[in-house]
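**Student:** In my numbering, the protein residues as written are 30 to 142. Just so it is clear, CB atoms sit at the ideal spot from N, CA and C, and this is done for glycine as well. Everything numeric in this text was worked out from a predicted model, so none of it was measured. After the structure tokens below, expect a handful of questions from me.
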Amino acid sequence: MALLLKSLIGAAVVILISLLSKSKYYYIAGLAPLFPTFALIAHYSVGSTRSTADLRETILFSGFATLPMISYLVALYCLVGYFRLVPSLLMACVAWGIAAWILVTLWGYAHGH
């Protein structure tokens, strides 16, 4: 049942983004995926199964996890001026992946994981 609820929440966000992108307020479509839908699910899951210290570490890591998103946005902003949309999106995803890999690696070193 919990998996179904999580799927419905994700689908609702996708529908909201689609509707916003077709409206005169299309730019708000960029805000909708940043609503902490999945962070809420992750923090609830960790908080209900792990210690408070583990939840606090997850919350702190979530803050640093905004860095890969910023990398994606900066890359995409720069790339769309030079490439078509789909290649720009793919390259920006690569930038996100590299930034995420660096973050996870550095976090592991700093926290002994």
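Residues in its own chain within less than 6 Å of Ser80 by CB, not counting five upstream and five downstream?
**Tutor:** Answer for Ser80: no residue qualifies.
**Student:** Just to confirm my understanding: we take Tyr56, look at its own chain, exclude 5 residues before and 5 after, and list those with CB closer than 8 Å. What are they?
**Tutor:** Taken in chain order, the list of residues that qualify is empty.
**Student:** For Arg85, which of helix, strand or coil comes out of DSSP?
**Tutor:** Helix at Arg85.
**Student:** I need the DSSP call for Phe64, collapsed to helix, strand or coil.
**Tutor:** The answer is coil: DSSP assigns Phe64 none of H, G, I, E or B.
**Student:** Helix, strand or coil: which one does DSSP assign to Ala31?
**Tutor:** Reduced to three states, the DSSP call for Ala31 is helix.
**Student:** For Trp125, count neighbouring C-beta atoms within 10 Å of its own C-beta (all shown protein chains included) and say buried if the count is 16 or more, exposed if not.
**Tutor:** Buried, since its Cβ has 16 or more Cβ neighbours within 10 Å.
**Student:** Give me, in chain order, the residues of the same chain whose beta-carbon lies closer than 7 Å to that of Pro97; leave out the 5 immediate sequence neighbours on both sides.
**Tutor:** Trp125, Ala128, Ala129, Leu132.
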